[in-house]
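S.K.: Respectively, the protein sequence lines represent chains L and B. Counted the way numbering that gives the first Met the number 0 counts, the first sequence spans residues 0 to 317. Counted the way numbering that gives the first Met the number 0 counts, the second sequence spans residues 0 to 317. Using N, Cα and C, we set each Cβ at its ideal position, and we do this for glycine too. None of these values were measured; they are calculated from a predicted model. Pasting a structure below so you can have a look.
There are 2 protein chains.
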Amino acid sequence: MAGAPDPVELVRRARAGEQLAVARLISMVENAGGRLREVSAALAPHTGRAHVVGLTGSPGVGKSTSTSALVTELRARGRRVGVLAVDPSSPFSGGALLGDRVRMGEHTGDDGVFIRSMATRGHLGGLSWATPQALRVLDAAGCDVILVETVGVGQSEVEVVGLADSTVVLLAPGMGDGVQAAKAGILEIGDVFVVNKADRDGARRTVRELRNMLHLRDAGPDDWRPPVLSTVAARAEGIDGLADTLDEHLTWSEKSGERDRRRRERVRREIEAIGMEQVRSRMEQLRGGAVLDALTGRVLAGRLDPWAAADELLERSG
Amino acid sequence: MAGAPDPVELVRRARAGEQLAVARLISMVENAGGRLREVSAALAPHTGRAHVVGLTGSPGVGKSTSTSALVTELRARGRRVGVLAVDPSSPFSGGALLGDRVRMGEHTGDDGVFIRSMATRGHLGGLSWATPQALRVLDAAGCDVILVETVGVGQSEVEVVGLADSTVVLLAPGMGDGVQAAKAGILEIGDVFVVNKADRDGARRTVRELRNMLHLRDAGPDDWRPPVLSTVAARAEGIDGLADTLDEHLTWSEKSGERDRRRRERVRREIEAIGMEQVRSRMEQLRGGAVLDALTGRVLAGRLDPWAAADELLERSG
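Written out as structure tokens, the structure reads:
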């Protein structure tokens, strides 16, 4: 049990439902240590089955509550569920701002649920790099559905598009979210829209506004038309409807070829992101070393331009 | 005049104060076209003189107004001034949200001021890639001071640290900015703090809170202790004091070696960012091509893991 665990054995145990094996595999891919490649190779034959669902929206709309309620609903339907909560990390501490998802505590002890909170990495973009690796672990572990919850506005939402088979955009009434949604390009990425906290004032108006805006989207007769649902996640209201809608979207996207298209794009980006990461790490090994130091000195002195310096650097880091 | 301009000749004209030559050079480096390398080489011998000042803060604190007032003050002191306004770009349109800085209109016609509004690029991080190149143009054009105004919270502020000789953090009273500042790590990056809109309620309290927080920073006897200034930029109040303080910080940072240290780090990051960009662009050329397509297919089929795929991709894009 102690010592370095064998990746192939760990994958076998993860597929048998061992929580610890899943956690260990995710740690191994997160830390990008020496055995990451072995893990990756051991996972490969078992991936490609899970329904990947992205949940996104501004802070305060109730993403974690919704995720938790959806987990309960999916478990009641006999599905094995994975949850990846992607937190923005403080640029200085490198740590997650929100800490671990204690709210998910109600699911501990259920061995059909795997929950992992991830800090986004700095430079190369959080989701684009570590999350796909964690997704592969949950996928190989036999999860039927994987919920990827992203905090945040902007970039991370866009990245979800490339990751998820189905993207759920959450909003809450009275936050001026309609306008914000349009601004952030959220209308374009959602497959399903959910107005949560639907028992609050203004919920109907938010639903109406959203529907109006969505009607402006171009859509052919066979295209998916994103529905706008209402939920009160804290009381689990409307969550069964959300689960049904996600099933419908999956069916449509398989039939239409959209799922294939997205999965292909997802893998393409993943390969590219890994490639970039490898180059970055090779260059980082030159940090503080004599080569980069000398090049920097020559650029500072005006004897070399940074492009020529980068050429030399790449030559030596290859 | 027509046709492809010669970079060396353009640099000569930029140094002579020709606005059009400066604008043309920035476009050439921004578009990263074929002549970027020639431009970069032509600029190299003339760079390294300008005082690079980063101005940052949340939306609404009056960054553009402050920048404009500072430009006026610096011009009155006979300095040649460059301004780079870095806007967040919409992830979908690729365009700048705020458009060009019409507010800077009062400085048009003054040939000692060069103003450029830049959209941040997507993937590889805005400031880390295109802005240093534009900085080099303004530097080579003979600007004594270059103001880099960044909209935004989070990542872009952090990137400013790596760029600027002096970083000004702007705040406004009553926006709960004190707490926000601490959160975003803003306390750690500011060399000078400015509470703008100081004629508003709560300005004194914001100044006091900020000073208290700054006192908690570790500092040796020879370290720079970031002052907290008050301004009303719209009426140019306190802007002379800001200009004086920036001069003092420059003097200190030259004497202490801090400027050298930062410039060295700036160039290092620049070389690395260019290296990464080159690899990215080589990989992009493989997009849609047979190699990446085949690798993607093998990963989707579970016959190859993405790490092994990235290895093959890098081999073929080298």
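What are the partner residues of Leu213 of chain L, as DSSP defines its beta bridges?
M.R.: None; Leu213 of chain L has no bridge partner.
S.K.: Pull up the CB-CB distance for Val136 of chain L and Leu24 of chain L, whole angstroms please, since I reckon it's below 8 Å.
M.R.: 5 Å
S.K.: Just the chain L side, please: which residues come within less than 7 Å of Ser39 of chain B by C-beta, in chain order?
M.R.: Asp304, Pro305 and Trp306
S.K.: Please classify Val7 of chain L as buried or exposed, where buried requires at least 16 neighbouring CB atoms within 10 angstroms.
M.R.: exposed
S.K.: Under a Cβ-count criterion, where at least 16 other Cβ atoms within 10 Å of its own Cβ denotes burial, should Asn195 of chain L be classed as buried or exposed?
M.R.: buried
S.K.: Can you pull the chain B neighbours of Pro44 of chain L, defined as C-beta to C-beta under 7 Å?
M.R.: Gly301
S.K.: Roughly how many whole angstroms lie between the Cα atoms of Arg11 of chain L and Leu42 of chain L?
M.R.: 10 Å
S.K.: Roughly how many whole angstroms lie between the Cα atoms of Leu303 of chain B and Glu314 of chain B?
M.R.: 16 Å
S.K.: Helix, strand or coil for Met302 of chain B? Go by DSSP, reduced to three states.
M.R.: The displayed chain sequence assigns Arg, not Met, to residue 302 of chain B. In the structure shown, Arg302 of chain B sits in coil (DSSP, three-state: anything other than H, G, I, E or B).
S.K.: Name the two residues that bound the continuous alpha helix (DSSP H) containing His248 of chain L.
M.R.: Ile238 to Ser255
S.K.: Looking only at C-alpha atoms, which of B:Arg216, B:Arg281, B:Glu311 and B:Gln284 sits nearest to Ile295 of chain B?
M.R.: In the sequence under discussion, the amino acid at residue 295 of chain B is Thr, which differs from the Ile named in the question. Residue B:Glu311 is the option with its Cα nearest to Thr295 of chain B.
S.K.: Give a yes or no on whether 8 Å exceeds the smallest Cβ distance from Glu253 of chain L to chain B.
M.R.: no
S.K.: Which term fits Ala218 of chain L, buried or exposed, when burial requires 16 or more other beta carbons within 10 angstroms of its beta carbon?
M.R.: exposed
S.K.: Find the nearest neighbour of Asp239 of chain B within the set B:Ser65, B:Leu249 and B:Leu299, judged by alpha-carbon distance.
M.R.: B:Ser65
S.K.: Against chain L, does Thr295 of chain B count as a neighbour if the rule is that its beta carbon must be under 8 Å from one of theirs?
M.R.: yes
S.K.: To the nearest whole angstrom, what separates the beta carbons of Glu269 of chain B and Pro305 of chain L, a pair I think is in contact under 8 Å?
M.R.: 5 Å
S.K.: Using 10 angstroms around the beta-carbon of Ser67 of chain L, count the other beta-carbons present and answer buried if the total reaches 16, otherwise exposed.
M.R.: buried
S.K.: What residues match up with His50 of chain L in a beta bridge as DSSP calls it?
M.R.: Its beta-bridge partners are L:Val144.
S.K.: Does Met275 of chain L have its Cβ less than 8 Å from a Cβ in chain B?
M.R.: Met275 of chain L counts as touching chain B.
S.K.: Would you mind giving the Cβ-Cβ distance between Val144 of chain B and Arg78 of chain B, rounded to the nearest angstrom? I have them listed as a contact below 8 Å.
M.R.: Between Val144 of chain B and Arg78 of chain B, the beta carbon gap of about 5 Å places them in contact (Cβ cut-off 8 Å).
S.K.: Does the contact criterion of 3 or more C-beta pairs under 8 Å hold for the segment 254 to 264 of chain L versus the segment 225 to 234 of chain L?
M.R.: no
S.K.: Would Glu276 of chain L be called buried (16 or more neighbouring beta carbons within 10 Å of its own) or exposed?
M.R.: buried
S.K.: Going by C-alpha to C-alpha distance, which of L:Thr166, L:Ile185, L:Glu208 and L:Leu134 sits closest to Ser116 of chain L?
M.R.: L:Leu134
S.K.: Leaving out five residues on either side along the sequence, give the residues of the same chain with a beta carbon under 6 Å from the beta carbon of Gly301 of chain L.
M.R.: Closer than 6 Å at Cβ, skipping near neighbours: no residue.
S.K.: Which class does Arg263 of chain L belong to by DSSP, given the choice of helix, strand or coil?
M.R.: Residue state, collapsed to three classes: helix.
S.K.: To which residues of the same chain is Glu37 of chain B closer than 7 Å at the C-beta, ignoring the five residues directly before and after it?
M.R.: Pro6
S.K.: How far does the alpha helix (DSSP H) with Thr66 of chain B in it reach, from first residue to last?
M.R.: First-last of the alpha helix (DSSP H) with Thr66 of chain B: Lys62 to Ala75.
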